[in-house]
Structure formats: structure tokens, C-alpha cells
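Below: one structure, written as C-alpha cells.
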Amino acid sequence: PVPVSRFGTILAKLIESRLRESVHAFEVHPANEPELVDTPPEGDGWLHEVKFDGYRTQVIKDAGGIRLLTKRGHDWTARYCYLAEDAAAIEAETFILNGETIIINEAGLSDFHALQAAVASARRHATSIS
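Put into C-alpha cells, the structure is as follows:
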């Protein structure tokens, strides 16, 4: 089976639509969940992505700044402080990026346990300085 998602196409249309409407504050949008199929569909309307072992994340930049949200809408910006810094450097007034946050190990594979440890460490650090 192959995980398939059309989130890239939908996300591009959403961004285009929002920018046309001059919306300055984005909200969390439900992430499209991949569907397990035997063979990937064909045609220009599909975008295929590799299934990584991580956390689905939306990075939002708007008039309110940078926010990194989980697929359930929880704000994990403090836990992903390095990603937030990288997102702030993107030269665009507004955007929504939807993808998988992962850590890649020495073998070049996504390492979920390392990601959990990094998120837990960032959470402890954010709590200790608050």
C-alpha cells in the first residue's frame, strides 16, 4: 500500500485564495490525512508524499507572527523554537506550510524517538524559563 495525499494542491489553492482575499490572520486548518491504497492514482491533480514518522505540523505566518500548530490545533511554537526561527526567515508576508516535523538519524531515516526526546526537552526548557 502507498500513502497518498493531495494536501499540497489543496494548500496551494488555500494560500492563493487567502492572499486574494487579503486575509491577515490565518486559522488552523484540518490536515488532510493520507489514505492507504494499493497503487497511487495518476494524473496532474495528485501529489504524493513519503510517509515519515513524525508529527503533522502547520507553520503559519501572518499578522500575528509565526505559529507552529499540531494537527489538532495545539500551539507548539515554543517546542519547535528552531523551526519558528527558520520560518521567520522566509521572505513572505503570509503563508501556511503543512507537513511532517521529523528528525533524521545518522542512517538518513526519520527517528520518532529522537523527535519525542527533542520536543520533551524543549517543553521542559520552555516551562523552566516561563
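Counting the sequence shown from 1 gives a position; the numbering used here is that position plus 42. Glycine is no exception: its CB is placed at the ideal position from the N, C-alpha and C atoms.
Asked, Found
"When Arg-98, Pro-83, Phe-137 and Gly-96 are compared against Ala-105, the one with the closest alpha-carbon", "Phe-137"
"Where the alpha helix (DSSP H) containing Glu-127 begins and where it ends", "123 to 130"
"Straight-line Cα distance separating Asp-86 from Val-161", "37 Å"
"For Asp-95, the nearest candidate out of Val-79, Glu-142, Asp-117 and Ala-126 (CA to CA)", "Glu-142"
"Whether Ala-129 touches Val-101 by CB criterion (7 Å)", "yes"
"According to DSSP, residues forming a beta bridge with Asp-117", "Leu-111"
"Leu-110 vs Tyr-122 beta-carbon contact at 7 Å", "yes"
"Coarse secondary structure for Leu-139, derived from DSSP in three states", "strand"
"Neighbour-count burial assignment, Ile-108, 16 or more Cβ in a 10 Å radius", "buried"
"Helix, strand or coil at Val-79 according to DSSP, with G and I counted as helix", "strand"
"Status (buried if at least 16 other CB within 10 Å, exposed otherwise) for Ala-159", "exposed"
"Rounded C-alpha distance that separates Gly-80 from Glu-148", "In the sequence under discussion, the amino acid at residue 80 is Asp, which differs from the Gly named in the question. Approximately 31 Å, taken between the alpha carbons."
"Burial state of Leu-157, where buried means 16 or more other Cβ atoms lie within 10 Å", "buried"
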